[in-house]
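Under the UniProt record's numbering, the first residue of the sequence shown is numbered 1, with each subsequent residue one higher.
For reference, the structure is listed below as structure tokens.
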Amino acid sequence: MSSKTSSNVDLDPIMTRCRDLTTSTQKKIEDLYMLTKDMNVCMLTTHTVDSGALVSRAMHACKPQSSDTPADIWFFANVVSKKFEEIKKNPSVNISYVKQSTMEWISIAGHATHVTDRSKIKELYRPELKIWYGDLGDGVHDSGPDDPRINLIHVKADTVSYSIKDVEEGSEAFDMAKAMLTGQVPKLVSFRTLSSEELSKSRSSA
């Protein structure tokens with residue numbers, strides 16, 4: 001459906017005003033990297049095994065690695081959780097971040113895989129995981145890097161949409177007040193997208 005009427009009136013002016021079609025792929029990747037470094041907690045959305053309904057839960061993403069595209073996300077998860085059954089049945093997932101204070105957000109559509117590689121687990125392991133797994137006292141399930149419960153979910157992005165604050169600091173209040181008086185929408189952030197082709201190129205050059 002077009003955002004314009006037959007009389008050429010723009011029905012979605014905020015998108016028209018804020019859509020960024022000029023920033024280079026490299027710059028979009030760099031800015032996404034900075035955003036994902038700053039926003040660790042996200043919502044991971046999967047499909048339930050029985051009905052395929054969407055279900056989301058808060059997850060703490062691993063810090064993006066500089067050698068990877070920041071759109072490819074790693075999570076630690078307990079191997080007995082339903083998440084692994086769900087991504088096996090339907091690997092299509094979504095990851096969403098939001099930073100309310102700046103109105104910046106990220107939405108990543110991708111495919112998830114269950115990773116059991118113990119060397120990768122040890123590479124990404126962090127001691128604070130012990131809080132969430134506990135020590136069962138059997139010498140095996142001790143929440144350390146060799147605990148068999150600790151597995152990884154890797155999400156490889158297909159497409160990314162995000163907003164980034166790129167306006168002068170402190171101008172928001174003026175712009176919003178002006179919008180109230182004039183009816184012209186403010187530009188508080190820029191909306192950007194990364195296509196599958198752009199993401200593939202960034203991976204090949206990493």
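Beta carbons are placed, not taken as given, at the ideal position from N, Cα and C, and that holds for glycine.
Between residue i and residue j, how many whole angstroms is the CB-CB distance? I'm expecting something under 8 angstroms.
i: ASN78; j: TYR133; result: 7 angstroms
i: SER196; j: THR159; result: 6 angstroms
i: HIS141; j: TRP74; result: Not confirmed; about 22 angstroms, so no contact.
CB-CB under 7 angstroms to residue i, same chain, minus the five flanking residues each way: which ones, in chain order?
i: SER200; result: none
i: GLU86; result: THR46, HIS47, THR48 and VAL49
i: ALA58; result: VAL41 and MET43
i: ASP135; result: ASP142 and SER143
i: ARG203; result: THR69
If you run the structure through DSSP and keep just helix, strand and coil, what is residue i?
i: TYR125; result: coil
i: MET39; result: coil
i: THR25; result: helix
i: ASP158; result: strand
i: ARG203; result: helix
i: THR69; result: coil
i: ARG149; result: coil
i: THR116; result: coil
i: LEU32; result: helix
i: THR48; result: coil
i: SER143; result: coil
i: ALA190; result: Sequence inspection shows Ser at residue 190; the Ala mentioned does not correspond to that position. Strand, per DSSP.
i: SER56; result: strand
i: SER195; result: coil
Skipping 5 residues on each side, what residues in its chain have a beta carbon closer than 8 angstroms to that of residue i?
i: ARG118; result: PRO145 and ASP146
i: VAL80; result: ARG149
i: TRP105; result: SER96, TYR97, VAL98, LYS99, TYR162 and SER163
i: VAL55; result: THR45, THR46, HIS47, THR48 and GLU86
i: ASN151; result: PHE76, ALA77, ASN78, VAL79, PHE84, HIS114, VAL115, THR116 and ILE121
Who are the Cβ neighbours of residue i in its own chain at under 6 angstroms, not counting the five residues just before and after it?
i: residue 214; result: In the structure as shown, the chain starts at 1 and stops at 206, and residue 214 therefore has no counterpart that could be examined.
i: THR102; result: LYS165
i: residue 220; result: Given that the chain is displayed from residue 1 to residue 206, the structure contains no residue 220 and the question cannot be resolved.
i: GLU198; result: THR25
i: LYS156; result: ASP72, GLY110 and HIS111
i: GLY52; result: none
Check: Can we say the stretch 104-114 touches the stretch 124-131, given the rule of at least three CB pairs closer than 8 angstroms?
Finding: Verdict: no, contact absent.
Margin query: Three Cβ pairs or more, each shorter than 8 angstroms: is that satisfied between the stretch 36-54 and the stretch 9-23?
Written below: The stretch 9-23 and the stretch 36-54 do not touch, with fewer than three beta-carbon pairs separated by less than 8 angstroms.
Margin query: For the pair the stretch 50-66 and the stretch 22-31, tell me if three or more CB-CB distances fall below 8 angstroms.
Written below: Taking a contact to require three or more Cβ pairs closer than 8 angstroms, the stretch 50-66 and the stretch 22-31 do not qualify as touching.
Next item on the list: Report the residue ranges of all beta strand (DSSP E) runs contained in full by the stretch 82-110; include only those spanning at least 3 residues, in chain order.
Entry: For the beta strand (DSSP E) assignment, the uninterrupted runs of no fewer than 3 residues enclosed by the stretch 82-110 are, from N- to C-terminal side, 92-99.
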